[in-house]
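Peer 1: Dropping a structure here in structure tokens format, bear with me for questions.
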Amino acid sequence: MAQPGELFVMVRVPDTVREALLQVLAESGLDQALGRALYPPRNWHQSLSDLHPPEAREHLRLACSRLEARAFCLQLDQLRSSGNTPGRIHWKFVPEGHKPLGMKLLMADVRSKLEDHGLAQAFGHRAHVTVSYLADRQLEPRAIAPVPWQIDAVELVEVAGRGADYRYEVVDTFPLRPPAQPAPVQPDLLA
């Protein structure tokens, strides 16, 4: 678990997406099966960077202000687990294929901008939303009705609180560029 004061770049799961994902868990009884092992939904997010110390705040802010990635839609359509030690099994919602282009481009842009500002990134991040880090059992992969998540901004956040009060406080928000538009079709070319 991150320590209070540490900073990282993330995309927060919006309320509508979080409610749809919680409904998936409730309909299958998995929310009850997890009980207290359910990661607090208010903290659901997609990490885009490693953790950084408080003194990196301005470098992180400057790096994020230079992002060039475009907004995109991520479709979460599977519930999976990883790990095999009861009490430490990771449950997560993921997109099919695990490497959507929009997320891949965003993560590469964040990594590049942070490294340009002297902030090394040791870890890679796969597209997912954590449901639990502490599940007691593995899950067979489950397809779910796709839940669209429009990603149009990233947040620089600071870890705050401990235990039940653990949370991410927004330091700054950085909008992404508008999504790429398809080239217009010329009617003369269709004839």
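Its first residue numbered 1486, the sequence shown is counted upward by one per residue in this note's numbering.
Even glycine gets a Cβ: it sits at the ideal position worked out from N, Cα and C.
CB I1636 to CB F1557, shorter than 8 Å?
Peer 2: For I1636 and F1557, yes; Cβs fall inside 8 Å.
Peer 1: Straight-line CA distance for G1490 to R1647?
Peer 2: About 11 Å.
Peer 1: Rounded to a whole number of angstroms, what is the C-alpha to C-alpha distance between K1598 and Y1524?
Peer 2: Rounded to the nearest angstrom, the two C-alpha atoms are 30 Å apart.
Peer 1: Between E1643 and F1608, what straight-line distance do the alpha-carbon atoms span, to the nearest angstrom?
Peer 2: Cα to Cα, the separation comes out at about 19 Å.
Peer 1: Spell out the partners DSSP gives M1495 in its beta bridges.
Peer 2: Per DSSP, S1532 and E1640.
Peer 1: As an exercise, report each continuous beta strand (DSSP E) stretch of at least 3 residues that is fully enclosed by the stretch 1570-1655, in chain order.
Peer 2: List check, beta strand (DSSP E) in window: 1574-1579, 1614-1620, 1627-1636 and 1638-1645.
Peer 1: Does the distance from the CB of R1573 to the CB of L1515 come in under 8 Å?
Peer 2: No, they are not a contact pair.
Peer 1: So, are the CB atoms of H1537 and L1586 less than 8 Å apart?
Peer 2: Not closer than 8 Å, so no.
Peer 1: Would you mind reading off the limits of the alpha helix (DSSP H) that contains Q1517?
Peer 2: Per DSSP, Q1517 belongs to the alpha helix (DSSP H) from L1515 to L1519.
Peer 1: Could you give the DSSP three-state label for Q1560: helix, strand or coil?
Peer 2: Three-state result, Q1560: strand.
Peer 1: Please name the residue in E1553, G1582, P1580 and R1611 whose C-alpha comes closest to that of A1665.
Peer 2: Minimum Cα distance to A1665 is reached at E1553.
Peer 1: Could you give the distance in angstroms between the alpha-carbon of L1533 and the alpha-carbon of E1540?
Peer 2: Going by the C-alpha atoms only, they are around 19 Å apart.
Peer 1: Return the first residue and the last residue of the alpha helix (DSSP H) that H1544 is part of.
Peer 2: Segment R1542 to S1550, the alpha helix (DSSP H) holding H1544.
Peer 1: Please identify the residue among W1634, H1575, R1652 and L1506 whose C-alpha is closest to the C-alpha of A1487.
Peer 2: Residue R1652 is the option with its Cα nearest to A1487.
Peer 1: Between the C-alpha atoms of R1551 and V1639, what's the straight-line distance to the nearest angstrom?
Peer 2: Roughly 12 Å separates the two Cα atoms.
Peer 1: Measure from the alpha carbon of E1504 to the alpha carbon of each residue in V1632, V1595 and L1559, then state which is nearest.
Peer 2: With distances taken between Cα atoms, E1504 lies closest to V1632.
Peer 1: Can you tell me whether V1655 is buried or exposed? The criterion is at least 16 other CB atoms within 10 Å of its CB, across all chains shown.
Peer 2: Its Cβ having fewer than 16 others within 10 Å, V1655 is exposed.
Peer 1: Below 8 Å on the Cβ atoms is my contact criterion, and I expect V1498 with H1544 to pass it. Report the Cβ-Cβ distance as a whole number of Å.
Peer 2: Going by Cβ atoms, the distance from V1498 to H1544 rounds to 26 Å, so no, they are not a contact pair.
Peer 1: Would you tell me roughly how many angstroms separate the C-alpha atoms of A1645 and S1617, rounded to the nearest one?
Peer 2: Spanning the two alpha carbons is a distance of roughly 19 Å.
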